[in-house]
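J.: Structure in structure tokens, see below.
2 protein chains.
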Amino acid sequence: MDFSSFLTSLGTSFIIFVILMLVFNWLSKKPSNNVIYYPNRIIKGLDTPMVGRTPFTWMKECLSSTEADVVNMAGVDTAVYFVFLSTVLWILVVSGLVLLPLLLPIAGTAKNVTSKSQSTSKGTFNDLDKLSMGHVKRGSPRLWAFLIATYWVSLVTFYLLWKAYKHVLELRFVALSASEEKPEQFTILVRDIPPVPEGQTRKKQVDSYFKTIHGETYYRSMVVTDNKEVNQIWKELNGYQRKLSHAEAVFATSKTTGKPEGTRPVSKIGFLGLIGKKVDTIEYCNEKISELVPKLESEQKTTIKDKQQAAALVFFNNRLAATSAAQTLHSKMLDSWNVTEAPEPCQVIWSNLHMKFFMREVRQYIIYAIVALTIFFYMIPIGFISAFTTLKNLRKLLPFMKPVIDQAEVKTVLEAFLPQIALIVFLALLPKYLMFLSKAEGIPSKSHVIRATSGKYFYFSVLNVFIGVTLGATLFSTFKTVQKDTSTLIPMLGESLPANATFFLTFVALRFFVGYGLELSRLIPLIIYHLKKKYLCKTEAELKEAWAPGDINYATRVPSDLLIVTIVLCYSVIAPIIIPFGVAYFGLGWLILRNQALKVYIPTYESYGRMWPHMHKRVLVALFISQITMIGFFGVKKFPYSVLLIPLPILTVVFTLVCNNKFYCSFDDTPLEVVACDVKGTPDLELIYRSYIPPCFTSDKIDVFDAHQFEYEFAKAGTSVV
Amino acid sequence: MDFSSFLTSLGTSFIIFVILMLVFNWLSKKPSNNVIYYPNRIIKGLDTPMVGRTPFTWMKECLSSTEADVVNMAGVDTAVYFVFLSTVLWILVVSGLVLLPLLLPIAGTAKNVTSKSQSTSKGTFNDLDKLSMGHVKRGSPRLWAFLIATYWVSLVTFYLLWKAYKHVLELRFVALSASEEKPEQFTILVRDIPPVPEGQTRKKQVDSYFKTIHGETYYRSMVVTDNKEVNQIWKELNGYQRKLSHAEAVFATSKTTGKPEGTRPVSKIGFLGLIGKKVDTIEYCNEKISELVPKLESEQKTTIKDKQQAAALVFFNNRLAATSAAQTLHSKMLDSWNVTEAPEPCQVIWSNLHMKFFMREVRQYIIYAIVALTIFFYMIPIGFISAFTTLKNLRKLLPFMKPVIDQAEVKTVLEAFLPQIALIVFLALLPKYLMFLSKAEGIPSKSHVIRATSGKYFYFSVLNVFIGVTLGATLFSTFKTVQKDTSTLIPMLGESLPANATFFLTFVALRFFVGYGLELSRLIPLIIYHLKKKYLCKTEAELKEAWAPGDINYATRVPSDLLIVTIVLCYSVIAPIIIPFGVAYFGLGWLILRNQALKVYIPTYESYGRMWPHMHKRVLVALFISQITMIGFFGVKKFPYSVLLIPLPILTVVFTLVCNNKFYCSFDDTPLEVVACDVKGTPDLELIYRSYIPPCFTSDKIDVFDAHQFEYEFAKAGTSVV
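Each protein sequence line maps, in turn, to chains U and R.
Note that the first sequence covers residues 1 to 722 in this note's numbering.
Note that the second sequence covers residues 1 to 722 in this note's numbering.
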């Protein structure tokens, strides 16, 4: 890619961004779009200020919002995500303040004898490369500045990450020690309960076990059941109920006009409502509902009685007791009566709770192996794609496209975007697959699954996108050399880095201009909403569902950000010109996501910032990669003092260990001193208990089966509830 | 070493053993030696059965004693040590039952074309080598038998270790759940207490912190003080008191005879009582004591008031609460208010308690580095010694010894023993040094220091004695080759193994015949006791001190046993003839130590079998080494199916991990269900508290300062004790 196509790419991205911003300003002013641009405020019952909004009002609002606002509107997890964004932003700003004025002149004024062979991207000399370390000749004393810069970046990262960790812990502790009553703070999850002894019931077994150990502080227990069947019937029932209210709404609408008797809606009962017998929808649904309600009832009873599993939720009188119980070894063996803190009611993955200890362990290793295979074998398709999407190849492989491609403008645009778009589309396919794998590990909570997915996705991105693209063709052509001697890998990485600087510059720019533009303007949700509103939605509930904004998707957002961190850190010293791009990415990201967090997205769970150690560790991984790369690159430059860089990766490892030792335990377990002050008033234990009853047992539509009966059934199953 | 010198060595060892056994039988019958042969029974107030003892009575007693007897007489730790001995014994017996009948005929009948170069010890062909795997020629199908044997040994080890782990856990749990009141079960150790806030005292700080979190179950606290000075004065005072009673006894003895006024003993007050002014001992001591008592008192007060440190012992009302508290994260950061289970009062290392979290971490790493250096650099002296102690070299280096050495019998004996004795003497110097290093890590309890020492000593032994001796000269001569390519190390180990088989056979035999002979006959303690009794001891206390038997020294005994395990496992397939030697070592060891445990040694602490995971892990390390060695040796034998051995070390790692996951946590923490049933009656908390008062504050000689005052001083220091 030459310099002009780089500028074209940058310019195009910027124009798209400006257009999206204008669209946003225009659309967000229309009151009918409020549900798209302010859903969080609407659901929280706040007003949506409309009058006197200039195009910069939202920016002002974001900049003036405090961390407490974010916690209130979007929870601790979101606030922690902003700590991550701002920490990375500051790392880049502080690094940039030294690196840009120091390195750019040094690189720019260097007289390079080997410039042709060393510093060009794909063989053509350009202006950007003049500003990179590749332009400094081998063994030059100017390299000292780059060495110092490497240290500067690392030290800044350590300092700011350390401060951020402390800050996040404070956020976490404030939230955990808040005096509101949170069900998960009174509950522990018990797994791997041994087989029920002869003549006892599961519930009696659990009750007597915990009663013996915890005495007064023990409240009651809830045995986990296999809810698959109940859930299915319940879903079916819900479906018919929604269909019924939809049909009734349609019927009501048809009445108002000239025809007072209206048209009764009909539908086909076959596959997808496309084939089969025509029936009166209202009648049909009513019939089905009256059929399903008793079925659900009897299935609920059977489930509670006969489908109990070897896991339970155990409730305590106060949160100190529950916290303490969750951290202590109860059983003689770890693989029975295994206790952990309970997840929030809304994020329990019921189907995973019954899995046995060693099954979970084995599954984990198997899934790690599968992920490793995935990461490795995806390299091959990615390699093909990046080889395929060069213009020359395209012209060769698709000769009928020749006339289009050969036009100068099309050529430039295609050359600029094609490889990046291919990559982005490619990556979009992956998260669902990784999420599925993570869930299969037997993890009991959604937030943990999301963290696990995010971790896998990060390693995938870094290995495939970053290292894959960088080594790209080099790796394939010299595959045999590598096999013989893996120690050439690092210098090779060092050599291929500068050649790909412009590729990654464009990649970052595309991500922040187009990605964040789309994010802010919410064009796609807007279009979908309006289509649904016009053609599909008849009832209030359906409409609400159509604009429900969902949450910030950390499973893909965090690893994407971390990929950018890796890229920018790796290039920060080699081609410092990338730093402003990184600053723009995280600055714009902070601003736009702040708006989205305050006004759009609604978090579906709260894990009290448990994502942080995950992000912290991976920023350090990114730093480690960048340090290793720098060692390789200095090796290529034949700089005699490059051994001075060797302490850096060691320092990173030590820093990681120290942080882990000092801070991590407080994320894994809740410290007792944090929950020592008890909640306001006496906690409503009954309410806490009920909040864990799975939704398929607590439909508000069916009042034949309420929570009391749920409990009664447990009682009938053999024990008295105290 | 040729075959005859091997037989000589074996014979000599056996003769020494028989003599020692006869000595034991003769001496142990004399009632005056009871304190040497039955001290444990005497201290426990049991009778020492004397009449009608045949030379085999002690064996019968040992064989008929149950595990419960061992636990009663010598504690759980000793019982666990016997589990270790018997497990290894069974591993060897069961392996031997298959390996000896299978492999010896196969090796013995093999026609070996390359026998000269492959299977000889130090160049001379002998009968022992015929029975080893070295005798089977390269690529022979007979090697299948050896491959299967390797699997058999590993599987037997896994099975028996698994069973033993379960058994040890049961022992541990029975002891922990016993209804007697054990101070350490009511106590936790708190370290890294943050600085005292303005206007508070340390004690108030600790009290209020734990009172807030634990409420009702909290009893009281004891702040750790810097006792160095007090301890010194106390020791000095104790010394004078003992000297005084000794002098009084001497004076009393001198009275009885013709001189009724007696001779007042005198002594010199200079260096070691050899120089200086002559004084009347009784007067001098009384003077010193009356001088030191007030000094001790004032120092005690100062210590309690001004030398408080950032650590404390915290006492609870019941052991369930203490166990639970010891396992939970109290503080927001791990490096403040760090809690652990308290060690037994007798094994607290007071001087280590104040060390800060990160200081402990750093010290640990530094000490690991020092130990690694020690292990590496000791290889050089060991190499020199084993090169030096061959007869040829001895004759060359010490020419004046020539006439002695050249006698045929002397020559054989020397050749047989010299290298082994050199090695054993050499190893005797080490444990103190390693113990010192382990203590410097900041470990709070004696038993833990002993475990740490034992671990270091094991790796030292295995690396230096086993691998060092095996590779011996080979390594030094080919040092440059190894440096170039470390992958030759394993085949080299494989090649040098058979050559050293007879060396290790002799080594093992020497250890069990002479070592255990000396152990049983207790010749050295007996001689020392009789000398002391005759010339030094005048008072009862001094006499008791002279025969005090001490405990089984696990710090050196366990790694020595583990070294034998490593040697025997490594050679079990290569030269199965070593198995009977191993069986004899562990069988004899079990028998003789059983006698010593029941009648002689008195354990100084009880860690409820925490040594077990340590021993278990190291048996697996030994197995792992043997598997790796076998892979190397099969490689040398050019056996095409030797790849089938590769799963074995992987299996060992998996087995280690599974055991660790399943069992280890119960050693690290006490499971709540074990201590759920509370102790008989109400525990005497006052007594528990007092048992932790350091001895320098509770001398029974000085009644001016009793435990109540100790507590009063704490109270005066600023807080009220509830």
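Backbone N, C-alpha and C fix where the C-beta goes; we use that ideal spot for every residue, glycine too.
Alpha carbons only, please: which of T157/R, I524/R, T87/R and I688/R is nearest the one belonging to H167/R?
T.: Counting from one through the second sequence, the residue named residue 167/R turns up at place 167. Out of T157/R, I524/R, T87/R and I688/R, T87/R has the C-alpha closest to the C-alpha of H167/R.
J.: If you count every other CB in all the chains shown that lies within 10 Å of the CB of V223/R, and 16 or more means buried, which is it?
T.: Here residue 223/R refers to the residue found at position 223 when the second sequence is read from its first residue. It counts as buried.
J.: Whose C-beta lies closer than 7 Å to the C-beta of E299/R among residues of the same chain, with five residues either side of it excluded?
T.: Within the second sequence, the letter at position 299 stands for residue 299/R. Within the same chain, E299/R has close Cβ partners E229, V230 and I233.
J.: If you measure beta-carbon to beta-carbon, which residues of the stretch 164 to 194 of chain U are closer than 7 Å to chain R?
T.: Listed by position, the residues of the stretch 164 to 194 of chain U near chain R (Cβ gap below 7 Å) are L169 and F173.
J.: Assuming L645/U and F634/U form a contact by the criterion Cβ under 8 Å, report the distance between their Cβ atoms to the nearest whole angstrom.
T.: Here residue 645/U refers to the residue found at position 645 of the first sequence. Here residue 634/U refers to the residue found at position 634 of the first sequence. Contact holds; Cβ gap of about 6 Å.
J.: My guess is that W350/R and P603/R are in contact by the Cβ rule of under 8 Å, so how many angstroms apart are they, rounded?
T.: The residue given as residue 350/R occupies position 350 in the second sequence. The residue given as residue 603/R occupies position 603 in the second sequence. Actually they do not touch by this definition, with Cβ atoms about 21 Å apart.
J.: May I ask you to report which of helix, strand or coil DSSP gives F315/U?
T.: On the first sequence, residue 315/U is found 315 positions in, with the first residue counted as 1. Residue state, collapsed to three classes: strand.
J.: Mind checking Q327/U: buried by the 16 CB within 10 Å criterion, or exposed?
T.: On the first sequence, residue 327/U is found 327 positions in, with the first residue counted as 1. It is buried - the Cβ of Q327/U has at least 16 other Cβ atoms within 10 Å.
J.: Would a C-beta distance cut-off of 9 Å place R191/R and F357/R closer than the cut-off?
T.: Your numbering for residue 191/R matches position 191 in the second sequence. Your numbering for residue 357/R matches position 357 in the second sequence. A contact, by the Cβ cut-off of 9 Å.
J.: Using 10 angstroms around the beta-carbon of M359/R, count the other beta-carbons present and answer buried if the total reaches 16, otherwise exposed.
T.: Counting from one through the second sequence, the residue named residue 359/R turns up at place 359. Under this definition M359/R is an exposed residue.
J.: By the three-class DSSP mapping on this structure, what secondary structure does Q185/U have?
T.: For the purposes of this step, residue 185/U is identified with residue 185 of the first sequence, where counting begins at 1. Three-state DSSP puts Q185/U in a helix.
J.: Using 8 Å as the cut-off, classify the Cβ of T212/U as near or not near the heavy atoms of the ligand FMN, replying yes or no.
T.: Absent from the structure shown: the ligand FMN. Ligands present: none.
J.: Could you tell me the distance, in whole angstroms, from the CA atom of G239/R to the CA atom of P294/R?
T.: The residue given as residue 239/R occupies position 239 in the second sequence. The residue given as residue 294/R occupies position 294 in the second sequence. Approximately 16 Å, taken between the alpha carbons.
J.: Does the Cβ of S13/U have 16 or more other Cβ atoms within 10 Å, making it buried, or fewer, making it exposed?
T.: Residue mapping note: residue 13/U aligns to position 13 of the first sequence, counting from 1. Answer is buried; the Cβ neighbour count reaches 16.
J.: DSSP has Q308/U in a bridge; who is on the other side?
T.: For the purposes of this step, residue 308/U is taken as the residue at position 308 of the first sequence. DSSP output for Q308/U lists T225/U as bridge partner(s).
J.: Sorted by chain position, which residues of the same chain lie with C-beta nearer than 7 Å to D306/R's C-beta, five sequence neighbours on each side aside?
T.: The count along the second sequence starts at 1 and reaches residue 306/R at position 306. None.
J.: Measuring alpha carbon to alpha carbon, tell me which residue in P399/R, V80/R, V83/R and M133/R is nearest V636/R.
T.: As a working mapping, residue 636/R is identified with position 636 in the second sequence. It is M133/R.
J.: For the stretch 329 to 356 of chain U, enumerate the residues whose C-beta is nearer than 8 Å to any C-beta of chain C, in chain order.
T.: In the structure shown, chain C does not exist; the protein chains are U and R.
J.: Determine the chain R residues that contact D669/U at a beta-carbon separation under 8 Å, and present them in chain order.
T.: Residue numbering aside, residue 669/U sits at position 669 when the first sequence is read from its first letter. Near D669/U (Cβ distances below 8 Å), the residues of chain R are T328 and L329.
J.: Under 9 Å between C-beta atoms, does T212/U make it to chain R?
T.: Your numbering for residue 212/U matches position 212 in the first sequence. True, the Cβ-Cβ gap to chain R drops below 9 Å.
J.: Within this structure, are the beta carbons of P671/U and L329/R separated by less than 9 Å?
T.: In the first sequence, residue 671/U corresponds to position 671, counting from 1. In the second sequence, residue 329/R corresponds to position 329, counting from 1. Cβ atoms of P671/U and L329/R: closer than 9 Å.
J.: Using only the alpha-carbon positions, how far apart do S154/R and L648/R sit?
T.: Looking up residue 154/R in the second sequence gives position 154. Looking up residue 648/R in the second sequence gives position 648. In a straight line, the C-alpha of S154/R is about 8 Å away from that of L648/R.
J.: What ranges does the alpha helix (DSSP H) occupy inside the stretch 609 to 690 of chain U, keeping only unbroken runs of at least 4 residues that lie completely in it?
T.: Complete alpha helix (DSSP H) runs here, min 4: 611 to 636, 647 to 659 and 665 to 668.
J.: Which residues in the same chain have their Cβ closer than 8 Å to the Cβ of L536/R, if we skip the five residues on either side of it in sequence?
T.: If you number the second sequence from 1, residue 536/R lands on position 536. Hits under 8 Å: E542 and A546.
J.: When we look at the beta-carbon of C570/R and count the other beta-carbons within 10 Å, is it buried (16 or more) or exposed?
T.: Translated into the one-based positions of the second sequence, residue 570/R becomes position 570. Buried.
J.: Does K533/U come out as helix, strand or coil in the three-state DSSP assignment?
T.: Indexing the first sequence from 1 puts residue 533/U at position 533. Helix.
J.: Three or more beta-carbon pairs under 8 Å between the stretch 586 to 593 of chain U and the stretch 446 to 462 of chain U, yes or no?
T.: No: fewer than three Cβ pairs fall under 8 Å.
J.: Look up S445/R in the DSSP assignment and say whether it is helix, strand or coil.
T.: Working through the second sequence from its first residue, we reach residue 445/R at position 445. Of the three classes helix, strand and coil, the one that applies to S445/R here is strand, per DSSP.
J.: Under a Cβ-count criterion, where at least 16 other Cβ atoms within 10 Å of its own Cβ denotes burial, should D668/U be classed as buried or exposed?
T.: Residue 668/U sits at position 668 when you count from the first residue of the first sequence. Looking at its Cβ environment, which holds fewer than 16 other Cβ atoms inside 10 Å, D668/U is exposed.
J.: Quick one: Cα of I592/U to Cα of V35/U, how far?
T.: Mapped onto the first sequence, residue 592/U falls at position 592. Mapped onto the first sequence, residue 35/U falls at position 35. Approximately 18 Å, taken between the alpha carbons.
J.: Closer than 6 Å by C-beta to N25/R: which residues in its own chain qualify, once you throw out the five before and the five after it? Chain order, please.
T.: If you number the second sequence from 1, residue 25/R lands on position 25. Excluding residues within five positions, the ones whose Cβ falls inside 6 Å are P55.
J.: Quick check: what's the CA-CA separation for G442/R versus E198/R?
T.: The residue given as residue 442/R occupies position 442 in the second sequence. The residue given as residue 198/R occupies position 198 in the second sequence. If I take the Cα positions, the gap works out to 29 Å.
J.: I'd like to confirm the pairing. Which residues does DSSP put opposite E297/R in its beta bridges?
T.: Here residue 297/R corresponds to residue number 297 of the second sequence, with the count starting at 1. According to DSSP, E297/R bridges with nothing at all.
J.: By the 10 Å Cβ neighbour count, where 16 or more other Cβ atoms means buried, how is E283/U classified, buried or exposed?
T.: Residue 283/U sits at position 283 when you count from the first residue of the first sequence. Exposed is the call here.
J.: With 16 other CB atoms within 10 Å as the buried threshold, where does S117/R fall?
T.: Position 117 of the second sequence, counted from the first residue, corresponds to residue 117/R. At S117/R, the pLDDT of 42 sits below 50, so the modelled position is not reliable and the matter cannot be decided from this model.
J.: Using 9 Å as the limit for Cβ to Cβ distance, is K662/R near chain U?
T.: By one-based count along the second sequence, residue 662/R stands at place 662. Chain U contact via Cβ: present.
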